[in-house]
Amino acid sequence: HFISAVPWFYKSNEPTLRHQSDGFLVRPSLSDIKESYIKGAPIGEVPIKFKVGACENCGSVSHKKKDCLERPRKIGAKFNNKDMKPADYVQPVLILDFEGKRDRWAGYNSDEYAKVVEEFEVVEKTKQDLKSKKLEDDILQGSSSAASLKVT
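Quick note: to get this note's numbering, add 81 to the position in the sequence shown (first position is 1).
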């Protein structure tokens, strides 16, 4: 963009494009790439007695009765002090850029997937053992269909 003269409303003597900008924008700093939302929110300390200002339904200090997501109790925690709930965990506020908002692998933990693979292997081993035991039993019984099958 080129300008030849300063606009009449701008108090300056030389040509400038300053009147077209939003000024010096203060951009918020973005969250670190290693920061992510915590999966499986940590559980806080469970209260023993009802505290003034806590939810009358469940006993949590992080919300009021009208905001409670639990089923309404016949006798609320305010009156019986039973099954009190801990304060809700508030996720951190992350300031993410375009890619950060759409990152499919954000918060991925390979250790959790290793547990899934290990559990799958145990199930497969159990299936294989049951299959081989059933085949042996059929062979001992003298079943003709089992004799034609081979143990893998």
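Every residue gets a Cβ at the ideal spot worked out from N, C-alpha and C, and that includes glycine.
The model shown is predicted, which means the values in this text are computed figures rather than measured ones.
Which same chain residues end up closer than 8 Å to P109 when comparing Cβ atoms and leaving out the 5 residues on each side of it in sequence? I176
In whole angstroms, what separates the C-alpha of R185 from that of K92? 50 Å
Residue range of the alpha helix (DSSP H) that includes G181: 179-182
Which full runs of the alpha helix (DSSP H) of 4+ residues lie inside the stretch 155-194, going along the chain? 158-161, 179-182
Give the straight-line distance between the Cα atoms of V127 and K214, rounded to the nearest whole angstrom. 49 Å
Cβ contact check for the stretch 158-170 and the stretch 181-200: 3 or more pairs under 8 Å: no
Taking 9 Å as the cut-off, decide whether the C-beta atoms of C149 and N138 are in contact. yes
Taking a contact to mean a Cβ-Cβ separation below 9 Å, would you say K132 touches G125 in this structure? no
Backbone secondary structure at D210 - three-state DSSP: helix
Buried or exposed, going by whether 16 or more other CB atoms sit within 10 Å of the CB of A122? exposed
Please determine, among K159, R152, R183, I129, the residue with the shortest C-alpha to C-alpha distance to I114. R183
For F201, which three-state DSSP category applies? helix
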